[in-house]
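So the structure is just underneath, and the comments pick up after that.
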Amino acid sequence: MANIAVQRIKRELKEVLNSDEVARCSIHVELVGESFAELKGEIAGPPDTPYEGARFQLEIKIPETYPFNPPKVRFVTKIWHPNVSSVTGAICLDILKHQWAAAMTLRTVLLSLQALLASPEPDDPQDAVVARQCKDKPQIFHLTAQHWANAYAGGPSINTDYENKIRRLKDLGVTEMNARASLSSCDWDLERATEQIFS
Amino acid sequence: MEDSLNSEDIPIVWPKQLPQLKNIDDRLHCPICYNYMKNPVISTACSHNFCSRCIRNNISLKNSCPICFIDISDGMLRPNRCLEEIIKSFQPVKSYVLKTLIDRIPTTGEEKLNENHCTGTTTDSVLPCSSSTSGSLLDGEGPPQKSSDLLMPSFASQLPQAADKSGLDKSTPISSSPLPAVDTQQSPMASCSQPRKPTPRASIHQQPQNTTKTIKEVPCPVCNTYMRDTLINVHLDACLEKTKPTKRKPMPKLIYNLIKDRELRKKLKDLGLDASGDKATLINRHKRFTILYNSECDAIDPRPVEELKAIFEQEEAESRRLANELRYASAKIKTNDIGKIEEENLQYLRNHKESYDRLINEIRQRPTLAVPSVQSPAEPTPVQVKSEPLKEEHNSEDEVTEIFVPPKVYEMICLSDSSDSGEPGGARAVSSAETSSPEGDNSRPSSSNYSIPDPMESGCSKDSSISISGQTITLSTTGSSDHYSTSPTCYSPVDESSNELFDHENSGIPTLPLDNTKFKKSNKRSKSPVSDISQRRMSLRRRL
Chain R
169 MANIAVQRIK
179 RELKEVLNSD
189 EVARCSIHVE
199 LVGESFAELK
209 GEIAGPPDTP
219 YEGARFQLEI
229 KIPETYPFNP
239 PKVRFVTKIW
249 HPNVSSVTGA
259 ICLDILKHQW
269 AAAMTLRTVL
279 LSLQALLASP
289 EPDDPQDAVV
299 ARQCKDKPQI
309 FHLTAQHWAN
319 AYAGGPSINT
329 DYENKIRRLK
339 DLGVTEMNAR
349 ASLSSCDWDL
359 ERATEQIFS
Chain Z
316 MEDSLNSEDI
326 PIVWPKQLPQ
336 LKNIDDRLHC
346 PICYNYMKNP
356 VISTACSHNF
366 CSRCIRNNIS
376 LKNSCPICFI
386 DISDGMLRPN
396 RCLEEIIKSF
406 QPVKSYVLKT
416 LIDRIPTTGE
426 EKLNENHCTG
436 TTTDSVLPCS
446 SSTSGSLLDG
456 EGPPQKSSDL
466 LMPSFASQLP
476 QAADKSGLDK
486 STPISSSPLP
496 AVDTQQSPMA
506 SCSQPRKPTP
516 RASIHQQPQN
526 TTKTIKEVPC
536 PVCNTYMRDT
546 LINVHLDACL
556 EKTKPTKRKP
566 MPKLIYNLIK
576 DRELRKKLKD
586 LGLDASGDKA
596 TLINRHKRFT
606 ILYNSECDAI
616 DPRPVEELKA
626 IFEQEEAESR
636 RLANELRYAS
646 AKIKTNDIGK
656 IEEENLQYLR
666 NHKESYDRLI
676 NEIRQRPTLA
686 VPSVQSPAEP
696 TPVQVKSEPL
706 KEEHNSEDEV
716 TEIFVPPKVY
726 EMICLSDSSD
736 SGEPGGARAV
746 SSAETSSPEG
756 DNSRPSSSNY
766 SIPDPMESGC
776 SKDSSISISG
786 QTITLSTTGS
796 SDHYSTSPTC
806 YSPVDESSNE
816 LFDHENSGIP
826 TLPLDNTKFK
836 KSNKRSKSPV
846 SDISQRRMSL
856 RRRL
């Protein structure tokens, strides 16, 4: 790693750890390994969103050319969000691409991601299925996102209806993860989901 | 921008009661590298300040301000001398200020802290502050005062330079009278040097005036400072030396697409840099050196080019080392993912080189008659033994072993063949094969000839394999448990050219090529066996 990148990361880590957000436990960053090339981030689901109360793990990879190029950030925790791939966790956020500026920091990135969770952009989607649901059936989207947050990120609200549907698919020999993904993409229509899985 | 000194300043935490102080400190840091700005430049488009080198690096990648995204270019950058002075003066006293602050916070309270804070911001606010608050506080801050005193000579020499740059020096030649000189000194002072306390500065302003009366002083024609005439020559030399590099012109940015490799190489050579590598490397090198050089042009006293070159080469070496490390690491990952088989293959080859060599020798020592028959069983049998048992029984084993089976089975067959030349192990195998042959006469016609479930046959194959090496044992035993494994034993008796066996073999052969063609798909080596079989058949017939 270039010297400048390492120095930046060192400073930014200090900045994040001293920030108010860490004090409020809304974001967290820690190093992965000896080098400063990879970090592990964590953001709390913002209040008044389906993600409230959940905590999402992020994988942050610092490129050699940092801070002139953006860090590569990905959700490790599965999340149901129009701008995050429900399969890979890839994020669609302008500041992580062309709108990156050298003056931005890990802290601003994490806060931006939190803001993204609070205000999804279904018109500029990463996951088309989620985006369509978010636009057409906001109610179901809300419940699904809440359910995913509960299942993968320790969210508080449990949706027994959804749980039951997943269990029924599991009884058919489908893994829980597949069952949840299929049901979510089929707006929790059990028949359609079954068809999707077994076709 | 990569001072180790600066990085040590990182842990300093300003008191929470004074967020302004932290803000000031933050403002002195480059938003790109996060260190105290080195050769700070201001973007004339948006008034944001950066390290010269950082922003030039940024512009080389993206023509916009990292903070406000406004379009900027190299031409819009101007050195921010004022900020430079602030940083220069603030850095050495920072830890002291902080320490005093932390010590005083519980005792003195907000008022004095505010005063302290004021000294950091502007002279306008400093003046009333210092007058209103107790002098004891200022007295208490002895070291900052001292340091500012120490700094004064450099102020005196540097500020007029700034004035020179801004074209204020037009009035300076008339420096016979002290007054205009004071004017020129004052004007930059007022605009540029806010960071220090006003009291020492005021005293210094008076100093030249006072001293001119008492001691005979002459102004330096370069920097306009007054000093004793005995010192002027020494000072002038130093002053000229110092001012000379400021005239350094920035290197022009090249349009690399229009430049040929040769020209670029020449340019690099002229600069005294490494001129090796492909065009992309050359361009990158030239670009980065231009950035370093140009950023140094923003300094008050740019470092000599030689020093820059040394720094640049050091950085190059470092990045090369990192790149190598990266490449090595990625290559390592690759072998784990893809090259695993290759690796294991090599490992196997190395481990079993001895047995291969031995077998090669044995074959060479063999009488010429046996040679054609050696080749023939060697090829078709491996195909069967290898592809079938391994695929069916050893799914867990990866391709490595599969690829290497042919030589092993080859070994096995060779040894059983080599009984001709009186090998003890091989002879045993052959004898068992021979004993089994009469039974084979009975059993073979009844069963399809490649799936003889003859226990003696399989025993034979085991036998022969034991006599060779540990490696073949595993393989042939797995093979023997499978019905296809009978095929090697089917062949070995034939090699002994026993007549009855040959008849059987002959009748069985038509199906064998079919078998082989089936495996052809799975094994590229099986290409030869078909022709080998016919060859072998021919040779056997001839012998008959």
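Sequence lines, in order, name chains R and Z. When we follow my numbering, the leftmost residue of the first sequence carries the number 169, and every step to the right adds one. When we follow my numbering, the leftmost residue of the second sequence carries the number 316, and every step to the right adds one. Ideal placement from N, C-alpha and C gives every residue a C-beta, glycine not left out.
Item, Value
"Backbone CA spacing between Z/F627 and Z/F405 [nearest angstrom]", "28 Å"
"Contained alpha helix (DSSP H) runs [length at least 4] in the region 262 to 339 of chain R, N- to C-terminal order", "274 to 286, 296 to 304, 306 to 321, 328 to 339"
"Chain-ordered residues of the region 227 to 261 of chain R with a beta carbon less than 8 Å from chain Z", "E232, T233, P235, F236, N237"
"Residue-chain proximity (Z/N373, chain R), Cβ-Cβ < 7 Å", "yes"
"Any C-beta of chain R under 7 Å from that of Z/L336", "no"
"Interface residues of chain R facing Z/V328 [CB-CB closer than 8 Å]", "N186"
"Cutoff 7 Å; reference R/C302; Cβ partners in own chain excluding five residues on either side", "P250, P288, P290, F309"
"Given Z/S388 as reference, the closest of Z/I402, Z/R371, Z/N666 once Cα atoms are compared", "Z/R371"
"Nearest residue (CA-CA) to Z/L398, options Z/N666, Z/N373, Z/L392, Z/V356", "Z/V356"
"Where Z/R377 sits in the DSSP three-state scheme", "With the sequence shown as reference, residue 377 of chain Z is identified as Lys, and Arg is not the correct amino acid for it. If DSSP states are grouped into helix, strand and coil, Z/K377 belongs with coil."
"Spatial distance of Z/C369 from Z/W329 (CA atoms)", "26 Å"
"Reduced DSSP category for Z/H601 - H, G, I as helix; E, B as strand; rest coil", "helix"
"Within-7 Å CB hit, Z/Y349 to chain R", "yes"
"Z/F365 to R/P293 span [Cα, whole Å]", "35 Å"
"Neighbouring residues, chain R, relative to Z/P346 (Cβ below 8 Å)", "A270, A271"
"Alpha-carbon spacing of Z/V549 relative to R/V190, whole angstroms", "58 Å"
"Same chain, Cβ closer than 7 Å to R/K333, neighbours up to 5 away in sequence not counted", "L351, W356, L358"
"R/V184 in three-state terms, based on DSSP", "helix"
"Beta-carbon gap between R/I211 and R/I195 smaller than 7 Å", "yes"
"Delimiting residues of the beta strand (DSSP E) encompassing Z/N364", "364 to 366"
"Sequence-distant residues of the same chain with beta carbon closer than 7 Å to Z/M391, five excluded per side", "S358, T359, A360"
"Under 9 Å from the C-beta of R/A170: neighbouring residues of chain Z", "E630, E633, S634, L637"
"Meets three-Cβ-pair contact criterion under 8 Å: the region 313 to 323 of chain R and the region 219 to 228 of chain R", "yes"
"Beta-carbon contacts of R/N327 that lie in its chain and below 8 Å, excluding the five residues immediately before and after", "L311, Q314, H315, N318"
"Cutoff 6 Å; reference Z/I385; Cβ partners in own chain excluding five residues on either side", "A360, C361"
"Cβ separation of R/I247 and R/A321, assumed to be a contact under 8 Å, to the nearest whole Å", "7 Å"
"Closest by C-alpha distance to R/E149, when choosing among R/L199, R/T343, R/E331", "Any question about residue 149 of chain R goes unanswered here, given that chain R covers just 169 to 367."
"Closer than 7 Å at the beta carbon, the chain R residues around Z/I382", "A269, A271"
"Cα-Cα separation, Z/C538 to Z/C554", "7 Å"
"Three-state secondary structure (DSSP) of Z/F405", "helix"
"is_contact[R/R275, chain Z] using C-beta, thresh 7 Å", "no"
"For Z/L588, the three-state DSSP class (helix, strand or coil)", "coil"
"Burial state of Z/S410, where buried means 16 or more other Cβ atoms lie within 10 Å", "exposed"
"CA nearest to the CA of Z/K568, picked from Z/L376, Z/I606, Z/M542", "Z/I606"
"Below-7 Å beta-carbon distance, Z/L398 vs any chain R residue", "no"
"Within chain A, the residues that Z/L376 reaches when beta carbons sit closer than 8 Å", "The structure shown contains no chain A; its protein chains are R and Z."
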